[in-house]
Structure formats: C-alpha cells, structure tokens
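Let me begin by presenting the structure, written as structure tokens, before commenting on it.
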C-alpha cells in the first residue's frame, strides 16, 4: 500500500454506515472546503485508488447517483480515469478542478474492503503531488516540473537564479536528504507546457518550493526558454518506511526491495520529517522519535492519564499534534518541548487533519 500523507488528508468518505463507505469528498491542496466527485466515468479502478488512499486493501463496489446522499459545496472532479495503480486520486487524469456538467444527484460513493491496521507507508515522504523530476536516468534526478494546485498541466522552472538552496527544497519535498547538484540549461532535456516559475529564492529550509519567493505563476523573463529548464540531482535513493503489526518498523529501498530494520516497535502511527531525517511515532502512552537508522531513540512526550488515539506531524510549523480518548487535542514542538492542550472536544477523536501548507 502506498499513501501520500499530504494527499490522503484531502479525501474522505461521508455519510456511510461505517468508516469504509460513503460519498467521496475531496478538497484542493490550497483550500479547506470539501466538495464531491461526479459519477460520470467513475469505475472500480478509480474506487480502488480512493480506498487505497484511505488505508483499505481493496474495494467492494461503486455507488453512483448520490447513494450516500447529496453533498454540499462544489462538485470538484468529473471523468476520472485512473489505471488503479496510482498512489493518489489527484494523480489520475480528469477534466480539471471545478470542470463538470453534473449535479449533486450524480455524487459518487464507494464501499471499501479490508482495512490494513497498523500499516503506515509513505511514498517519498511528504511528497507533494505538484512536483516531479522528469528525464533523468533514475528517480533521484531530472528536469524539475511543477503544476498549479488547480491544474493537471505540468510545466518547467526557468534556471535563472536557481541554486543549491532551491534544489535542496525540491529534493526534500521528494523525500531525499538533500540536493547533490543543480543541472541547468535543460540538461535533462527541454520541457513542454508552460514555463511556470522563474527567479526562485529559497533559503533552503522551506517545506515546499511553493513557499519560496518568486514573482508569480507564469511570470518569467522573456529570455526564459525551454532550453533553460532547471534540473536537479538528489542524494540518496527513494525508500519506504513500513510499520507492521508484528515485525516492527523497517525501511524498504524502492530500487531493489531490500529491507533494513529501523525499530523493534510496531507503533500505532508513523511519520517522517525529511528536513531532519527523524522518524516520529505514537504508541498508546507516548510519542517518540529516532533517526531513520534507529539511532537517537527517545520519548519526547509522555501521555499521562489518557490513551493516545491519533497524531500528526506539522512539517510547516515544526510541531507534533495528537489527540486522546479524553477528547483533548494537544501540541508540542518536535523536540517535545512546550506541551500544551489546545482544545477539549466532545467524545473520542479518530483523526486529525492539518493544513499541509500552513500547519
């Protein structure tokens, strides 16, 4: 199972009789407003991607015609065309955000199958589905391509002012420790589509290239051409971190499938901070962290009095959020300092979702 955390926080099932079924609702990366998906063209392959994003191993059936009730808000997506192997619904082909000829009576729903308990796998940790490397000889190098939050059209980045700090942010977004080299002058081949960005100025510790300073989308010097597309070579190879029910936590190298044991623990949740190369995890009574190789293991927060239910790592703000069965939502810095309770809600919380851009 492959899940991108930033994308999985943008999809949910609503109005079902259980957590594994309901009306499919999504939201754009730059908005907190939920909307629906039209049933036109929606089939089992699309449903399979939805269920996989939500942690289910398979899909039972598609439910068209607002089977789980009509949604409110925008109708965001129509004519989805997934092949069933995508890690995110937002990587599938579709007409574009807000582009449809549907009504809420056409809202689609799904019924998912087996839930994979205690399994958290993150592909290119904290990967943003709006950036990729193209034209390289391996996954860790290539021409930098980006796309706006509301478009599936990919474009290039002009190499003007593009330096190692900008490249570091690109590589860390894709799960690599850092950049090894900047490759300008369309080293990995000229791109196609718009030239989206120019004159990037990152300081190197941003969590997203889109948080760096630049003139604006599609604003670039007249001398920027496709033969001036920026490229990067990143250090290291992509990997997965896997927490299993019985076998502990280990790292899988995507290139050859080799496994390296990282922790003997099988935590309830697992997250990774590519900026510091630390894993974060939660158990019933504590939140801990360690280097990706298992060194520097430490408990950063003891959960006294209540049992943990859910946690989220805030890459943008440098915080850890968690909830407990007492209905409290708490936060601490990533080193465990400045612990405080933010809210006390009604009932037991099952999930926390953070704004992936602002924390």
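Residue numbers (UniProt numbering): 1 to 359. C-beta: ideal position from N, C-alpha, C; glycine also.
From the options, residue whose alpha carbon lies closest to that of residue i
i	options	result
residue 43	110, 286, 17 and 12	110
residue 37	154, 56, 69 and 17	69
residue 212	178, 169 and 250	169
residue 197	259, 340, 322 and 218	218
residue 241	130, 281 and 234	281
residue 91	31, 62 and 130	130
residue 273	142, 137 and 171	171
residue 210	167, 292 and 12	167
residue 201	193, 263, 159 and 195	159
residue 216	180, 191, 195 and 260	195
residue 150	156, 189 and 98	98
residue 186	178, 294 and 143	143
residue 57	229, 84, 108 and 342	84
residue 163	80, 229 and 101	229
residue 248	208, 294, 234 and 287	294
Where residue i falls: helix, strand or coil (DSSP)
i	result
residue 228	helix
residue 20	coil
residue 25	strand
residue 203	coil
residue 259	strand
residue 353	coil
residue 104	helix
residue 182	strand
residue 218	coil
residue 162	coil
residue 233	strand
residue 212	coil
residue 2	Annotation note: pLDDT 33 at residue 2 (below 50); position unreliable, no value reported.
residue 192	coil
residue 38	strand
residue 247	coil
C-alpha gap between residue i and residue j, whole angstroms
i	j	result
residue 20	residue 205	38 Å
residue 16	residue 35	16 Å
residue 125	residue 173	Confidence at residue 125 is low in this model, with a pLDDT of 36, below 50, so the placement of that residue should be treated as unreliable; the coordinate-derived value is given next. Straight-line Cα distance between these residues: approximately 8 Å.
residue 283	residue 106	41 Å
residue 147	residue 270	28 Å
residue 87	residue 47	12 Å
residue 10	residue 28	7 Å
residue 53	residue 290	26 Å
residue 297	residue 279	9 Å
residue 153	residue 225	18 Å
residue 40	residue 300	48 Å
residue 5	residue 50	Because the pLDDT at residue 5 is just 37, under 50, the model does not fix this residue reliably, and the value given afterwards should be weighed accordingly. Distance between the alpha carbons of residue 5 and residue 50 is about 13 Å.
residue 353	residue 31	13 Å
residue 145	residue 139	13 Å
residue 239	residue 141	15 Å
residue 243	residue 252	11 Å
residue 311	residue 256	31 Å
residue 292	residue 277	6 Å
residue 63	residue 33	23 Å
residue 344	residue 223	56 Å
residue 117	residue 331	With a pLDDT of only 41 at residue 117, under the threshold of 50, the placement of this residue in the model should not be trusted, and no figure is reported.
residue 66	residue 55	23 Å
residue 22	residue 258	37 Å
residue 250	residue 178	22 Å
residue 265	residue 335	20 Å
residue 77	residue 137	34 Å
residue 337	residue 193	46 Å
residue 208	residue 184	20 Å
Sub-8 Å separation of residue i and residue j beta-carbons
i	j	result
residue 134	residue 182	no
residue 302	residue 285	yes
residue 96	residue 25	no
residue 59	residue 113	yes
residue 176	residue 236	yes
residue 161	residue 221	no
residue 319	residue 340	no
residue 100	residue 75	yes
residue 234	residue 180	yes
residue 156	residue 191	yes
residue 329	residue 342	yes
Beta bridge counterpart(s) of residue i as assigned by DSSP
i	result
residue 113	Looking at the DSSP assignment, residue 113 forms no beta bridge with any residue, so it has no partner.
residue 328	344
residue 59	112
residue 145	132 and 156
residue 300	Answer is none; residue 300 lacks a bridge partner.
residue 310	323
residue 197	157
residue 281	270 and 288
CB contact check: residue i to chain B, cutoff 8 Å
i	result
residue 249	Of the protein chains in the structure, only one exists, and it is not chain B.
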